[in-house]
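Participant: Chains as they are written, first to last, in our numbering: chain A, 1 to 293; chain B, 1001 to 1282; chain C, 2001 to 2442.
I have a structure I would like to understand better, so I am pasting it below and will then ask my questions one at a time.
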Amino acid sequence: MEKRAIFSNRFLPLALIAPQILITLVFFYWPAIQAVWQSFLIEDAFGLSTEFVWFENYQLLFTKAHYFRTFTTTMLFSFLVAFLSLTISLLLAVQADKSIKGAGVYRTLLIWPYAVAPAVAGVLWIFMLNPSLGMIAKAMRSAGIDWNPLLNGGDAMTLVVIASVWKQISYNFLFFLAGLQAIPKSVIEAAAIDGAGSARRFWTIIFPLLSPTTFFLVVVNIVYAFFDTLGVIDSMTQGGPAKATETLVYRVFADGRLGSDLGGSAAQSVILMFIVVGLTAIQFKYIERKVEY
Amino acid sequence: MIERSHLGNVLAHLILIIGVVIICFPVYVAVIGSTHDATTIANGNMPLVPGGHFLENYYRILFEGTKSTTREPVATMLLNSLIMAMMIAVGKIAISLLSAYAIVYFRFRFRMVAFWVIFITLMLPVEVRIYPTYKVIADLHMLDTYTGLTLPLIASATATLLFRQFFMTVPDELVEASKIDGAGPVKFFFDTLLPLSRTTMAALFVILFIYGWNQYLWPILITTRDDMQTIVIGIKKMLAVVDALTEWQLVMATAVLAMLPPVVVVVAMQNLFIKGLTETEK
Amino acid sequence: MNKRSFLTAMLAAISLTALSAELRAAPVEIQWWHAMTGANNDVIVKLAEDFNAAQADYKVVPTYKGSYADTMNAGIAAFRAGQAPHILQVFEVGTATMMGAKGAIMPVYQLMADAGEKFDVKDYVGGIAGYYSTADGKLISMPFNSSTAIMWYNKDAFKKAGLDPEKPPRTWPETFDYAKKLKAAGWDKCGFSTAWYSWLNVEQLSAWHNVSLSTKANGLDGFDTEAKFNGPLHVRHLQNLIDLQKDKTFDYSGRTNTGEGRFTSGECPIFMTSSAFYGNVKANAKFEFGTGEMPYYPDVEGAPQNSIIGGASLWVLGGKTAPEYKGVAKFFTFLSDTDRQAGLHQVSGYLPITNAAYKKTKDSGFYEKNPGRETPLLQLTKKPPTANSRGLRLGSMVQIRDIVGEEAEAALVGQKTAQAAMDAAVERTNVLLRQFERALAK
Chain A
1 MEKRAIFSNR FLPLALIAPQ ILITLVFFYW PAIQAVWQSF LIEDAFGLST
51 EFVWFENYQL LFTKAHYFRT FTTTMLFSFL VAFLSLTISL LLAVQADKSI
101 KGAGVYRTLL IWPYAVAPAV AGVLWIFMLN PSLGMIAKAM RSAGIDWNPL
151 LNGGDAMTLV VIASVWKQIS YNFLFFLAGL QAIPKSVIEA AAIDGAGSAR
201 RFWTIIFPLL SPTTFFLVVV NIVYAFFDTL GVIDSMTQGG PAKATETLVY
251 RVFADGRLGS DLGGSAAQSV ILMFIVVGLT AIQFKYIERK VEY
Chain B
1001 MIERSHLGNV LAHLILIIGV VIICFPVYVA VIGSTHDATT IANGNMPLVP
1051 GGHFLENYYR ILFEGTKSTT REPVATMLLN SLIMAMMIAV GKIAISLLSA
1101 YAIVYFRFRF RMVAFWVIFI TLMLPVEVRI YPTYKVIADL HMLDTYTGLT
1151 LPLIASATAT LLFRQFFMTV PDELVEASKI DGAGPVKFFF DTLLPLSRTT
1201 MAALFVILFI YGWNQYLWPI LITTRDDMQT IVIGIKKMLA VVDALTEWQL
1251 VMATAVLAML PPVVVVVAMQ NLFIKGLTET EK
Chain C
2001 MNKRSFLTAM LAAISLTALS AELRAAPVEI QWWHAMTGAN NDVIVKLAED
2051 FNAAQADYKV VPTYKGSYAD TMNAGIAAFR AGQAPHILQV FEVGTATMMG
2101 AKGAIMPVYQ LMADAGEKFD VKDYVGGIAG YYSTADGKLI SMPFNSSTAI
2151 MWYNKDAFKK AGLDPEKPPR TWPETFDYAK KLKAAGWDKC GFSTAWYSWL
2201 NVEQLSAWHN VSLSTKANGL DGFDTEAKFN GPLHVRHLQN LIDLQKDKTF
2251 DYSGRTNTGE GRFTSGECPI FMTSSAFYGN VKANAKFEFG TGEMPYYPDV
2301 EGAPQNSIIG GASLWVLGGK TAPEYKGVAK FFTFLSDTDR QAGLHQVSGY
2351 LPITNAAYKK TKDSGFYEKN PGRETPLLQL TKKPPTANSR GLRLGSMVQI
2401 RDIVGEEAEA ALVGQKTAQA AMDAAVERTN VLLRQFERAL AK
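Given below as structure tokens:
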């Protein structure tokens, strides 16, 4: 897809595109290359002694059983965040789409968590769920529930999932609502005339028609759970207890901290870059289909 | 006709109200928390009604700062966050407008190369190349500067793609007409294209403002001076206490203040926000 | 001379005077990155202000950089970028990393000698200075805030449970017994607990019982040290905690000090943590509290030995100019002043770093008026330190503490046995130690 009507000028376009290319090269490609280079090195914290070790950092990574655990933790976490936030927001969007009174008000009341920083979302929830001072934690304890995210990995996972889902609901809600409103009412009415009940109508007609939106949201939510939740995890559990809430990105951050294992951290960055490129390719396919008509 | 049962409507309202309550509850608790004193909260006895320390806490946090940690008044942090968010939003829009214009309206050597060079950065967040990027900024002597804080975050492809998409929908006739009038590319850009892009720009601005405001990992690394801190970082630093008690009432007051500007932007510019969101992500 | 050139000359003269005045007045700036919060943050700012007011040649600029880990992280990153501060406060577990970085730091003994400042390591409290010295007794970093682990207990709770509020438990079996009684008297969610899991239940436990944590005097004599903390004492202690966790006689409070609020709120009547917890307890506890020494297992020969310190020291980073180093040296002399140290110790809950300051505080009758404040010092100097109790210096100690915490967490919820958890912790620690050693070797 190309424009037919264009200007011809030799230098202007280069000058126009130069700022972005320059910034991208300096702040994206150069650091990315450095990360790759660093992943082949073993270095001390202060960068005073360096040894080139080829793929040893990668080998070391994959001989550590808990790196695989971090993978599975990330998968579980991403699945929970994507599944729960999508389900809840779809439920809310379907209700709001019923064109009942006050739909606009509900929309306003539901979309603002998008604007809250992940780290702040984490702080808000830890304030309520901190075992020694949180009010919900206290209530749970007095109800006999042994809530202990400091020791119980499942509780800690619940903690980070809740905060992450909370923040993501508004985003999914907006897309589902837009998707629902784009479905021609005549289609649904036709089904209603055929005598399909409301649940049946949803599963046989509405949900399939929503599937492009759903598919897109699944990708976006996975990317969100992978990367944007770092602030949530860092402010709530720091990956603990016993690495139960350590995701791949958090680990890149944690292993590089205090310069203890910069090579290993860089190797993980490189692996993550491949994952992201893969996800981008999937999303790109989707964009192409949607944009190129 | 679809049946509209009374019961169904009540149920819909009920589900939505429950949803809203759950969504709003944490913020309500934060606001309540910011009106109590440290001991009440630390001892886990906080009630669900406001306490009497509202003015005191907010005054302290805004103008005096937390004496115990960062010592920087939150007013300064708010200003820093504002500057960072504005620079990122405006910077991204400006460079993306220009590069998208070049890609769509000109034919030049390496055009597709340039497009792909930019496009590949679409989803790779700064988090995965954080330490090398820090080194680059340090080598350029940009630590503790707004430039260092914002430039690496401006390098992203989303806005460029969005403008490219939008320019594609602008009718070719406008270019032809403009050419007939004897206008060159610069005049066309300012007189025709820019006014047409106004809504897209505004929508994008809302999204990018929030993106900038909520940055976490990058400002932690890049700012060393107290007076360069952003508010999200201020909260993190207030939480990490050694041999002392977290002053939760101040943390909560800061959290409320940190949420306020982006939430106001989203709610006040709701339609633009939704437009921005749905179009950047298409 | 016409009017215009006269004006120019005047302006030039004025700006020259202004410039030279500025040159004279501009003090050498000394950046000091630290991690102190609460009242201790005030102490830092006050120290810098006092020093700056006392002389005009140097200006100390303190900056709070977040938690200990954040501060050290920022310091390392800044060094790599050539933007390091002059003084960096590093927590005790970062000691090995800093000491291993020979070109990155300026050892304190050398700094003081170069600057011609009067300095004798013997003036400093042995148990503290030893932690930050080389094997041959040369001080590498300046001790700043030091503390040790002690027991805090709730006297009101003791009374309610029918225990003598003036007699805290001395041994671990007694502690378990007391906790059970407290539990029966209504403290059923937490009989006792500890902050800093690894520091209290592995590191201090080893020193206090004169048991080796790792070879080569816990790493003080060389980076080729090997972890050994999976011995019978360590496993037995963890096993006890596992058993007591089941009915909450013991309740885990996390790897750091975030659980300390459980003591001040009255939830946990016995709590073991840093002696520097003092200011916090004093401000927030709504009950009478007391302190005691850390418990020990009476059947372990030689226990109690002496405890080791925690806290942080000030590191001088490399690559600065001679005048800057001179300023840092002067600041350190200023810090070590007897009156100043005695004052700091009395207000902050940290230990005095010089013998003179300790003596002065003692002579002033401070400890009689404030019972319990000498507990950490008595504990620290209980017996002359052995190879097992001088201190510890393991590379990647931050990660090692996480490993110990992780394995203990797994054991406390019943996923692993005590022995398996400690074995795994030692094995993983040794991998890190070898990695650390290797990175330094080149």
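We put the beta carbon where it would ideally sit given N, CA and C, even for glycine.
Looking at the C-beta of A2217(C), does it have a partner C-beta in chain B at a distance below 8 Å?
Facilitator: Chain B, which has no Cβ nearer than 8 Å to the Cβ of A2217(C), makes this no.
Participant: Out of curiosity, what's the CA-to-CA distance linking I2400(C) and E2368(C)?
Facilitator: 39 Å
Participant: As a quick exercise: from N9(A), V165(A), S211(A) and A163(A), pick the residue whose alpha carbon is nearest that of A182(A).
Facilitator: S211(A)
Participant: Give the secondary structure of E362(A) by DSSP, where H, G and I count as helix, E and B as strand, and everything else as coil.
Facilitator: The structure shown does not extend to residue 362(A), since chain A spans only 1 to 293, so no value can be given for it.
Participant: From L1151(B) to I23(A), what does the alpha carbon distance come to, in whole angstroms?
Facilitator: 7 Å
Participant: If distances are taken between C-alpha atoms only, which option among T1192(B), P1050(B), I1022(B) and W1218(B) comes closest to E1176(B)?
Facilitator: T1192(B)
Participant: Taking the Cβ atom as the reference point for each residue, do S1156(B) and K1092(B) lie within a distance shorter than 8 Å?
Facilitator: yes
Participant: What does G2292(C) pair with, by DSSP beta-bridge criteria?
Facilitator: M2151(C)
Participant: Taking a contact to mean a Cβ-Cβ separation below 8 Å, would you say M2422(C) touches V2235(C) in this structure?
Facilitator: Taking a C-beta distance under 8 Å as the contact criterion, M2422(C) and V2235(C) qualify as a contact pair.
Participant: Tell me which residues of the segment 1121-1136 of chain B have at least one Cβ-Cβ distance to chain C shorter than 8 Å, keeping chain order.
Facilitator: Y1131, Y1134 and K1135
Participant: Report yes or no: is there a C-beta of chain B within less than 8 Å of the C-beta of S2265(C)?
Facilitator: yes
Participant: Would DSSP call Q2089(C) helix, strand or coil?
Facilitator: Of the three classes helix, strand and coil, the one that applies to Q2089(C) here is strand, per DSSP.
Participant: Among F253(A), T213(A), V123(A) and Q20(A), which one has its Cα closest to the Cα of A178(A)?
Facilitator: T213(A)
Participant: Can you find the residues in the same chain that come closer than 7 Å, C-beta to C-beta, to H1036(B), ignoring five residues on each side of it along the sequence?
Facilitator: The answer, listed in chain order, is M1046, G1051, H1053 and Q1249.
Participant: Looking at chain C, which residues of the segment 1214-1229 of chain B have a Cβ within less than 7 Å of any of its Cβ atoms?
Facilitator: So the close ones are L1221, T1224, R1225 and D1226.
Participant: Taking all protein chains shown into account, decide if R2262(C) is buried (16 or more other Cβ within 10 angstroms of its Cβ) or exposed.
Facilitator: buried
Participant: Is V1090(B) close to chain A, meaning its C-beta is less than 8 Å from at least one C-beta of that chain?
Facilitator: Chain A, which has no Cβ nearer than 8 Å to the Cβ of V1090(B), makes this no.
Participant: Are the Cβ atoms of I2308(C) and L2392(C) separated by less than 8 Å?
Facilitator: yes
Participant: I'd like to know if V120(A) contacts chain B, where contact means its C-beta is closer than 8 Å to some C-beta of that chain.
Facilitator: At least one CB atom of chain B sits nearer than 8 Å to the CB of V120(A).
Participant: Decide if H2345(C) is buried, meaning its Cβ has at least 16 other Cβ atoms within 10 Å, or exposed.
Facilitator: Buried, by the Cβ-count rule.
Participant: Nearest to Q268(A) by alpha carbon, out of V249(A), L92(A), A281(A) and T280(A)?
Facilitator: Closest by C-alpha distance to Q268(A), out of V249(A), L92(A), A281(A) and T280(A), is V249(A).
Participant: CB-CB under 6 Å to F1166(B), same chain, minus the five flanking residues each way: which ones, in chain order?
Facilitator: T1200
Participant: Flag this pair as touching only if the segment 2357-2366 of chain C and the segment 2283-2294 of chain C have three or more C-beta atom pairs under 8 Å; answer yes or no.
Facilitator: no
Participant: Near Y2131(C), which residues of its chain fall below 6 Å by C-beta distance, leaving aside the five closest residues on each side in sequence?
Facilitator: I2309 and G2391
Participant: Give the residues of chain A in contact with G2254(C), contact being defined as C-beta atoms less than 7 Å apart.
Facilitator: L150
Participant: Determine, for V2060(C), whether the minimum Cβ-Cβ distance to residues of chain A falls below 8 Å.
Facilitator: no
Participant: Could you round the C-beta distance between I1231(B) and S1081(B) to whole angstroms and report it? I think they count as a contact, below 8 Å.
Facilitator: The Cβ separation is near 5 Å, so the contact holds.
Participant: Can you find a CB in chain C that lies within less than 8 Å of the CB of S132(A)?
Facilitator: yes
Participant: Let me know if I162(A) comes out buried or exposed under the rule of 16 or more other beta-carbons within 10 Å of its beta-carbon.
Facilitator: buried
Participant: Which residue wins for smallest C-alpha separation from F46(A), given the options I2128(C), A2084(C) and E2374(C)?
Facilitator: A2084(C)
Participant: Per DSSP, L2335(C) forms a beta bridge with which residues?
Facilitator: In DSSP, L2335(C) forms no bridge with anything.
Participant: For R257(A), which of I1017(B), V1021(B) and Y1134(B) has the nearest alpha-carbon?
Facilitator: Here the closest residue by C-alpha is Y1134(B).
Participant: Would you mind reading off the limits of the beta strand (DSSP E) that contains M75(A)?
Facilitator: Run containing M75(A): none in the beta strand (DSSP E); it sits in the alpha helix (DSSP H), A65 to D97.
Participant: For A242(A), collect the residues of the same chain with a Cβ closer than 7 Å to its Cβ; drop the 5 residues on either side in sequence, then sort them by chain order.
Facilitator: G153
Participant: In this structure, does DSSP put G1148(B) in helix, strand or coil?
Facilitator: helix
Participant: In terms of alpha-carbon separation, which member of D1172(B), M1228(B) and L1161(B) lies closest to I1204(B)?
Facilitator: The sequence shown places Leu at residue 1204(B), not Ile. For the residues D1172(B), M1228(B) and L1161(B), the minimum Cα distance to L1204(B) belongs to L1161(B).
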